[in-house]
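Student: Residue numbers (my numbering): 18 to 570. Sending over a structure as structure tokens; questions will come in a sec.
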Amino acid sequence: MKHQAMEVSQGVLKRLSHPIPNAVLWILGLGFLLRMAIAVWLPPGFDEAYYYLYTQHPDLSFFDHPPLVAISTAVGLWLSGEQVTPLTIRLGALLLHTATLYLLYLTGKRLFSEAAGRLTLVFATIAPICLVAFGVMTLPDAPLMFFWTATLWGAAEEFFPQRSQPYRPTYRLAILGILIGLACISKYHGFLLGVGLVGFCLTSADHRKALGSPWAWISFALWFLILYPVLYWNAQHDWISFTFQAGRGVPASQFSFDRLFSTWGQTVLYLFPTIGLPLWWVSLRVLIAQLLSPWVQRLRDSHRDLRLKQRLVLWLSAPVFLLFTAIGGYRQVLPTWTLPGLFIALLLLGQKAAVWQQRSPKTVQRWWQGSAIVITSLLLMALSHVAFGTLQRPSQTALLGGLIPIQQDASIQLVDIQQLRDRVSQSPSLMQTLKQSDFVFSNRFHLAGHIAMALTPLHPTPVTCFDKRDMRGFSYWSQATDWLGKDGLYLTSQQFQTREDSAAEYRPYFKTFTKLAELPLYRGGVEVDRFHVYLGQQMLQPFPRPIEGSRGA
Numbered sequence: 018m019k020h021q022a023m024e025v026s027q028g029v030l031k032r033l034s035h036p037i038p039n040a041v042l043w044i045l046g047l048g049f050l051l052r053m054a055i056a057v058w059l060p061p062g063f064d065e066a067y068y069y070l071y072t073q074h075p076d077l078s079f080f081d082h083p084p085l086v087a088i089s090t091a092v093g094l095w096l097s098g099e100q101v102t103p104l105t106i107r108l109g110a111l112l113l114h115t116a117t118l119y120l121l122y123l124t125g126k127r128l129f130s131e132a133a134g135r136l137t138l139v140f141a142t143i144a145p146i147c148l149v150a151f152g153v154m155t156l157p158d159a160p161l162m163f164f165w166t167a168t169l170w171g172a173a174e175e176f177f178p179q180r181s182q183p184y185r186p187t188y189r190l191a192i193l194g195i196l197i198g199l200a201c202i203s204k205y206h207g208f209l210l211g212v213g214l215v216g217f218c219l220t221s222a223d224h225r226k227a228l229g230s231p232w233a234w235i236s237f238a239l240w241f242l243i244l245y246p247v248l249y250w251n252a253q254h255d256w257i258s259f260t261f262q263a264g265r266g267v268p269a270s271q272f273s274f275d276r277l278f279s280t281w282g283q284t285v286l287y288l289f290p291t292i293g294l295p296l297w298w299v300s301l302r303v304l305i306a307q308l309l310s311p312w313v314q315r316l317r318d319s320h321r322d323l324r325l326k327q328r329l330v331l332w333l334s335a336p337v338f339l340l341f342t343a344i345g346g347y348r349q350v351l352p353t354w355t356l357p358g359l360f361i362a363l364l365l366l367g368q369k370a371a372v373w374q375q376r377s378p379k380t381v382q383r384w385w386q387g388s389a390i391v392i393t394s395l396l397l398m399a400l401s402h403v404a405f406g407t408l409q410r411p412s413q414t415a416l417l418g419g420l421i422p423i424q425q426d427a428s429i430q431l432v433d434i435q436q437l438r439d440r441v442s443q444s445p446s447l448m449q450t451l452k453q454s455d456f457v458f459s460n461r462f463h464l465a466g467h468i469a470m471a472l473t474p475l476h477p478t479p480v481t482c483f484d485k486r487d488m489r490g491f492s493y494w495s496q497a498t499d500w501l502g503k504d505g506l507y508l509t510s511q512q513f514q515t516r517e518d519s520a521a522e523y524r525p526y527f528k529t530f531t532k533l534a535e536l537p538l539y540r541g542g543v544e545v546d547r548f549h550v551y552l553g554q555q556m557l558q559p560f561p562r563p564i565e566g567s568r569g570a
């Protein structure tokens with residue numbers, strides 16, 4: 018067994034260390050530079066700011082996600098000496114996605130051809146949702162897609178050895194168990210990855226024997242060992258992660274084909290129509306072909322081999338994009354729920370594009386080059402607006418006088434944490450109050466994340482959230498009674514204070530509740546937001562928590 022393990026590790030290292038073609042290096046390098054620019058200038062998103070707080074409260078698992086997103090978010094903080102910036106919290110995602118893209122290229126090359134791998138790499142690099150959600154933002158999807166792609170690459174190595182001989186299960190199955198386990202502790206989508214791999218083996222007569230081999234049992238044991246800390250944490254907290262996520266799939270309304278079509282259309286737009294439409298067409302066409310010809314062994318050898326490889330890709334992609342698209346028929350679906358499956362299905366588009374390329378190379382070249390130019394231009398335009406207000410009206414940096422009135426611009430909800438940090442640090446009285454306060458709080462979990470990113474580098478005062486509707490992880494990072502008799506610094510944005518007077522909700526819970534300051538935030542030389550700062554002295558009673566957080570009360 019030791020000798021076999023050495024052979025496999027040497028084989029893996031040999032494949033990974035093989036010289037990378039210049040074209041692949043250029044695609045990876047240019048894609049990385051574009052993602053780096055976005056990572057530097059794009060303010061932290063709602064979820065990103067919240068996940069930063071994961072790094073401040075390390076645990077075996079969290080209320081709404083497994084633990085790997087905390088580690089990937091913390092990578093840049095560790096490397097930078099705890100400098101909290103949009104880039105540092107995203108550095109882990111930037112590096113992971115680059116490795117993911119390379120593994121995707123290797124998988125396409127291994128299953129189909131060099132051309133298929135390269136075209137798949139192009140599509141995955143330029144598709145906007147993959148580029149931003151998987152490759153820039155610090156989300157659970159970054160580690161999820163790395164381990165998902167690594168699992169597919171490992172499965173290709175296991176089930177389709179280069180030597181033409183009958184399949185025999187090897188200890189690569191044990192490695193697959195580890196990879197699936199790591200995908201599961203990245204995001205709960207990982208369970209569908211395991212289901213897909215088992216489904217492939219069940220529907221392939223050549224590979225069914227893998228499920229009964231000793232290596233499969235070892236694989237399951239390793240998968241369970243990696244998942245155990247998440248299960249243990251949930252067992253101690255009423256299985257809240259699983260009940261919370263399962264509740265998001267419960268029908269919120271009657272099934273509607275209009276809603277289903279809208280969900281499908283959104284995936285096309287997120288991928289960009291020149292990629293999304295052909296991707297869906299090719300994926301469904303391959304799926305239908307598989308359903309109409311289940312007896313693959315009756316086909317000639319070359320066609321049979323291709324169908325089996327396509328079947329592997331389908332089993333590791335179709336359950337995700339079909340399931341969550343269907344769920345979109347009765348409730349709102351976030352784009353990152355469906356996209357992991359479509360990301361892997363890009364291999365099918367790459368394989369088909371390689372065939373088209375043989376017939377009409379110039380047309381295929383114009384297709385992907387034109388898509389890349391348009392997508393990059395639109396992304397850079399959007400980035401310039403979010404960072405500098407180039408489409409904002411009014412704005413000192415606006416092009417053509419600006420197009421989007423500030424009152425209708427949702428992008429101003431993305432908080433410039435460096436500017437907020439500067440406003441507080443430049444006020445000696447606020448700095449003194451921050452240092453003397455026992456805790457900082459806000460009225461929304463994501464807003465508390467932005468505030469933590471801004472203030473923690475100034476002084477490590479604990480940050481929490483008082484929200485009767487949704488406290489997420491804050492329900493478990495502290496007890497409701499922890500703040501009794503203590504002083505809290507309250508910060509909220511213009512959206513909540515001016516329109517709703519959110520501070521009024523907290524006055525009864527403190528002996529005194531005094532407004533200290535208003536901190537304007539600017540973009541394009543024009544005020545776009547304003548943070549309101551209050552000091553609550555001597556908390557008198559615990560703030561009520563929502564039902565899902567009652568265990569932390």
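Where is the CB? At the ideal position from N, CA and C, for every residue including glycine. Model, not experiment: these values are computed from the prediction.
Whole-angstrom Cβ separation of residue 187 and residue 232, contact assumed at under 8 Å?
Tutor: Along the sequence shown, one-based indexing puts residue 187 at 170. Along the sequence shown, one-based indexing puts residue 232 at 215. Cβ atoms of residue 187 and residue 232 come within 8 Å of each other, at about 7 Å.
Student: For residue 164, count neighbouring C-beta atoms within 10 Å of its own C-beta (all shown protein chains included) and say buried if the count is 16 or more, exposed if not.
Tutor: For this step, residue 164 is matched to residue 147 along the sequence shown. That one is buried.
Student: Please name the residue, chosen from 543, 101, 341, that lies closest to residue 56 on a Cα-to-Cα basis.
Tutor: Reading the sequence shown from its first residue, position 39 is the one you call residue 56. Of the candidates 543, 101, 341, the one whose C-alpha sits nearest the C-alpha of residue 56 is 101.
Student: Are the CB atoms of residue 332 and residue 259 within a distance shorter than 8 Å?
Tutor: Taking the sequence shown and counting its residues from 1, one reaches residue 259 at position 242. Taking the sequence shown and counting its residues from 1, one reaches residue 332 at position 315. Result no, Cβ atoms of residue 259 and residue 332 do not sit closer than 8 Å.
Student: Which partner residues does residue 409 have in the DSSP bridge list?
Tutor: In the sequence shown, residue 409 corresponds to position 392, counting from 1. 421.
Student: Taking just the CA atoms, how far does residue 99 sit from residue 107?
Tutor: Indexing the sequence shown from 1 puts residue 107 at position 90. Indexing the sequence shown from 1 puts residue 99 at position 82. Going from the Cα of residue 107 to the Cα of residue 99 covers about 13 Å.
Student: If we call anything under 8 Å between Cβ atoms a contact, is residue 243 one with residue 195?
Tutor: The residue given as residue 243 occupies position 226 in the sequence shown. The residue given as residue 195 occupies position 178 in the sequence shown. Yes, they are a contact pair.
Student: Using a Cβ-Cβ cut-off of 6 Å (strictly less than) and excluding sequence neighbours within five positions of residue 402, which residues of its own chain qualify?
Tutor: As a first step, residue 402 is located in the sequence shown; it is residue number 385 there, counting from the start. Result list for residue 402: 408, in chain order.
Student: Whole angstroms is fine: what's the gap from residue 537's alpha carbon to residue 487's?
Tutor: For the purposes of this step, residue 537 is taken as the residue at position 520 of the sequence shown. For the purposes of this step, residue 487 is taken as the residue at position 470 of the sequence shown. Each residue's Cα considered, the two are about 27 Å apart.
Student: Considering only C-alpha positions, which residue in the set 279, 180, 172, 472 is nearest to residue 70?
Tutor: Residue 70 sits at position 53 when you count from the first residue of the sequence shown. Measuring C-alpha to C-alpha distances from residue 70 to each of 279, 180, 172, 472 identifies 472 as the nearest.
Student: Compute the distance between the beta-carbons of residue 489 and residue 205, then report whether it is under 8 Å.
Tutor: Residue 489 sits at position 472 when you count from the first residue of the sequence shown. Residue 205 sits at position 188 when you count from the first residue of the sequence shown. Not closer than 8 Å, so no.
Student: How long is the line joining the alpha carbons of residue 306 and residue 110, rounded to whole angstroms?
Tutor: Against the sequence shown, residue 306 aligns to sequence position 289. Against the sequence shown, residue 110 aligns to sequence position 93. Looking at the two C-alpha atoms, the distance is approximately 36 Å.
Student: Taking Cβ to Cβ, would you say residue 274 is nearer than 8 Å to residue 346?
Tutor: For the purposes of this step, residue 274 is taken as the residue at position 257 of the sequence shown. For the purposes of this step, residue 346 is taken as the residue at position 329 of the sequence shown. Yes, they are a contact pair.
Student: Heavy atom of the ligand ADP less than 7 Å from the Cβ of residue 481, yes or no?
Tutor: With respect to the ligand ADP, the structure offers nothing, as it holds no ligand at all.
Student: Quick one: what does DSSP say residue 463 is sitting in, helix, strand or coil?
Tutor: Counting from 1 along the sequence shown, the entry for residue 463 is found at position 446. Secondary structure at residue 463: helix, using DSSP grouped into helix, strand and coil.
Student: Determine the DSSP secondary structure at residue 536, reduced to helix, strand or coil.
Tutor: Counted from its first residue, the sequence shown places residue 536 at position 519. Strand at residue 536.
Student: Here's the rule I'm using: 16 or more other beta-carbon atoms within 10 Å means buried, otherwise exposed. How should residue 263 be labelled?
Tutor: As a working note, residue 263 is residue 246 in the sequence shown. Classification of residue 263: exposed, given that the 10 Å Cβ count is below 16.
Student: Can you tell which of 127, 150, 181 has its C-alpha closest to the C-alpha of residue 575?
Tutor: Lying outside 18 to 570, the shown extent of the chain, residue 575 is not represented and no answer is given.
Student: Ignoring anything shorter than 4 residues, give me the alpha helix (DSSP H) runs that lie fully in the stretch 68–154, in order along the chain.
Tutor: 85–96, 103–128, 131–143
Student: Return yes when the Cβ of residue 77 is within less than 8 Å of the Cβ of residue 84, no when it is not.
Tutor: Along the sequence shown, read from residue 1 onward, the residue named residue 84 stands at position 67. Along the sequence shown, read from residue 1 onward, the residue named residue 77 stands at position 60. Cβ atoms of residue 84 and residue 77: closer than 8 Å.
Student: Exposed or buried, residue 60, counting other C-beta atoms within 10 Å across all chains shown (16 or more means buried)?
Tutor: Working through the sequence shown from its first residue, we reach residue 60 at position 43. Within a 10 Å sphere around the beta-carbon of residue 60 sit 16 or more other beta-carbons, which makes this residue buried.
Student: Mind the definition here: the stretch 462–470 touches the stretch 491–511 only if three or more C-beta pairs lie below 8 Å; say whether that holds.
Tutor: yes
Student: Rounded to a whole number of angstroms, what is the C-alpha to C-alpha distance between residue 411 and residue 551?
Tutor: Locating residue 411 in the sequence shown gives position 394, where the first residue counts as 1. Locating residue 551 in the sequence shown gives position 534, where the first residue counts as 1. When rounded, the distance between both Cα atoms is 30 Å.
Student: State the start and end residues of the unbroken alpha helix (DSSP H) segment that holds residue 275.
Tutor: Against the sequence shown, residue 275 aligns to sequence position 258. Element bounds for residue 275: 274–288.
Student: Alpha carbon to alpha carbon, what distance is there between residue 150 and residue 200?
Tutor: Within the sequence shown, numbered from 1, the residue matching residue 200 stands at position 183. Within the sequence shown, numbered from 1, the residue matching residue 150 stands at position 133. One C-alpha to the other measures close to 16 Å.
Student: Return the CA-CA distance between residue 279 and residue 336, expressed in angstroms with no decimal places.
Tutor: Position 262 of the sequence shown holds residue 279. Position 319 of the sequence shown holds residue 336. Roughly 19 Å separates the two Cα atoms.
Student: When you compare each of 139, 447, 515, 344 to residue 40 by their alpha carbons, which one comes out closest?
Tutor: For the purposes of this step, residue 40 is taken as residue 23 along the sequence shown, with counting starting at 1. Nearest option by C-alpha distance: 139.
Student: If we ignore side chains and look at the alpha-carbon of each, how far apart do residue 529 and residue 499 end up?
Tutor: In the sequence shown, residue 529 corresponds to position 512, counting from 1. In the sequence shown, residue 499 corresponds to position 482, counting from 1. Cα to Cα, residue 529 sits roughly 18 Å from residue 499.
Student: Suppose contacts are defined by Cβ-Cβ distances below 8 Å. Is residue 556 in contact with residue 527 by that definition?
Tutor: Position 539 of the sequence shown holds residue 556. Position 510 of the sequence shown holds residue 527. Taking 8 Å as the Cβ cut-off, residue 556 and residue 527 qualify as a contacting pair.
Student: Answer with buried or exposed for residue 470, where buried requires no fewer than 16 other C-beta atoms within 10 angstroms of its C-beta.
Tutor: Working through the sequence shown from its first residue, we reach residue 470 at position 453. Residue 470 should be labelled buried.
Student: Rounding to the nearest angstrom, what Cα-Cα distance links residue 429 and residue 419 in this structure?
Tutor: On the sequence shown, position 412 is the one that residue 429 refers to. On the sequence shown, position 402 is the one that residue 419 refers to. Annotation: residue 429 to residue 419 spans about 15 Å, alpha carbon to alpha carbon.
Student: Ignore the nearest five residues each way along the sequence and tell me which others in residue 162's own chain have a CB closer than 7 Å to its CB.
Tutor: The sequence position of residue 162 within the sequence shown is 145, counting from 1. 117, 151, 357, 360.
Student: Determine the extent of the beta strand (DSSP E) in which residue 508 is found, giving its start and end residues.
Tutor: Along the sequence shown, one-based indexing puts residue 508 at 491. First-last of the beta strand (DSSP E) with residue 508: 505–509.
Student: Just list the residues that DSSP pairs residue 547 with in beta bridges.
Tutor: Here residue 547 corresponds to residue number 530 of the sequence shown, with the count starting at 1. Paired residues: 537.
Student: CB-CB under 7 Å to residue 44, same chain, minus the five flanking residues each way: which ones, in chain order?
Tutor: As a position in the sequence shown, residue 44 is number 27, starting the count at 1. Here the set comprises 138, 139, 142.
Student: Measuring CA to CA, which of 422, 533, 330, 261 is closest to residue 544?
Tutor: As a first step, residue 544 is located in the sequence shown; it is residue number 527 there, counting from the start. Comparing Cα-Cα distances from residue 544 to each of 422, 533, 330, 261, the minimum goes to 422.
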